[in-house]
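Asker: Sequence lines, in order, name chains A and B.
Under the numbering used here, the very last position in the first sequence is 115; numbers go up by exactly one each time.
Under the numbering used here, the very last position in the second sequence is 124; numbers go up by exactly one each time.
Even for Gly, the Cβ is constructed at its ideal location relative to N, Cα and C.
Just so it is clear, the structure is predicted and the values come from calculations on it, not from any experiment.
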Amino acid sequence: SAVISQKPSRDICQRGTSLTIQCQVDSQVTMMFWYRQQPGQSLTLIATANQGSEATYESGFVIDKFPISRPNLTFSTLTVSNMSPEDSSIYLCSVKKAPYEQYFGPGTRLTVT
Amino acid sequence: QQQVKQSPQSLIVQKGGIPIINCAYENTAFDYFPWYQQFPGKGPALLIAIRPDVSEKKEGRFTISFNKSAKQFSLHIMDSQPGDSATYFCAACHITQGGSEKLVFGKGTKLTVNP
């Protein structure tokens with residue numbers, strides 16, 4: 003498995019501000035991903051964080067709104083920019099450790115007021 | 010467009026019962042099918058995953074049954090315990106040519122196991 007930590011675990015932010023979420027994994031991994039889980043809902047892939055190149059975004063998610071960094075093989079950040087109440091969600095990072103095995107972090111619970 | 014349909018939305022069983030959660034998918038390009046367990050306030054935890062060339066896989070009390078022709082798969086929890094009470098998500102994963110992968114999740118099933 004993988005030991006994944008996220009910071010912050012939760013935050014309450016004002017509309018129009020930005021929040022950067024950090025994801026740290028205990029060993030080097032090639033693939034890291036960012037997901038969003040709206041309250042009581044399923045998970046949706048935001049983007050794949052690629053080390054050494056730009057992130058790959060899914061339909062409906064754009065770099066200006068969700069810029070992602072991946073400076074090395076154990077760390078990534080997701081920024082939620084110019085937040086609105088609709089951005090209130092749980093944001094999760096995940097990593098691929100082995101074939102058929104993708105592991106999730108504990109999540110960051112974001113509330114935008 | 011939802012590519013993975015999960016049912017039921019909620020499920021209540023007695024301790025020792027065998028809850029069954031079903032999922033159906035539409036895209037035949039999926040490469041593997043994992044199940045995740047999520048407790049309130051926690052991230053999803055990988056339970057078990059199956060490839061489409063396998064019809065059944067067991068890990069402890071958890072069993073996945075897979076029907077490729079019907080594009081359906083299900084999770085069975087043997088001898089269920091109150092500690093199994095959680096939300097369960099099925100997912101389908103597509104591995105791209107570049108080696109990346111995308112998980113598509115079902116909407117989840119909230120399981121309650123009564124003592």
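Out of T113/A, A100/A, S91/A and P10/A, point me to the one whose CA is closest to M34/A's CA.
Answerer: Taking only the C-alpha atoms, the option nearest M34/A is A100/A.
Asker: Secondary structure at E103/A, three-state DSSP: helix, strand or coil?
Answerer: The answer is strand: DSSP assigns E103/A an E or B state.
Asker: If we ignore side chains and look at the alpha-carbon of each, how far apart do I73/B and H85/B end up?
Answerer: For I73/B and H85/B, the distance between alpha carbons rounds to 6 Å.
Asker: Taking G107/A as the query, report the chain B residues whose CB atoms sit under 9 Å from its CB, ordered along the chain.
Answerer: G52, listed in chain order.
Asker: In or out: P73/A buried (at least 16 other Cβ within 10 Å) or exposed?
Answerer: Result: exposed.
Asker: Just to make sure I have the definition right: I need the residues of chain A whose C-beta is within less than 8 Å of the C-beta of R60/B. Which are they?
Answerer: Residues of chain A passing the Cβ test: Y102.
Asker: List the residues that DSSP assigns as beta-bridge partners of L21/A.
Answerer: V82/A.
Asker: Roughly how many angstroms separate the alpha carbons of Y97/B and G42/A, rounded to a whole number?
Answerer: Looking at the two C-alpha atoms, the distance is approximately 12 Å.
Asker: Out of L20/B, Y45/B and T121/B, which has the shortest C-alpha to C-alpha gap to A101/B?
Answerer: Closest option to A101/B, Cα to Cα, is Y45/B.
Asker: For a quick check, are the C-beta atoms of T81/A and P10/A less than 9 Å apart?
Answerer: No, the Cβ-Cβ distance between T81/A and P10/A is not below 9 Å.
Asker: Need the endpoints of the beta strand (DSSP E) that T110/A sits in, please.
Answerer: First-last of the beta strand (DSSP E) with T110/A: T110 to V114.
Asker: Can you pull the chain A neighbours of G117/B, defined as C-beta to C-beta under 7 Å?
Answerer: Result: S44.
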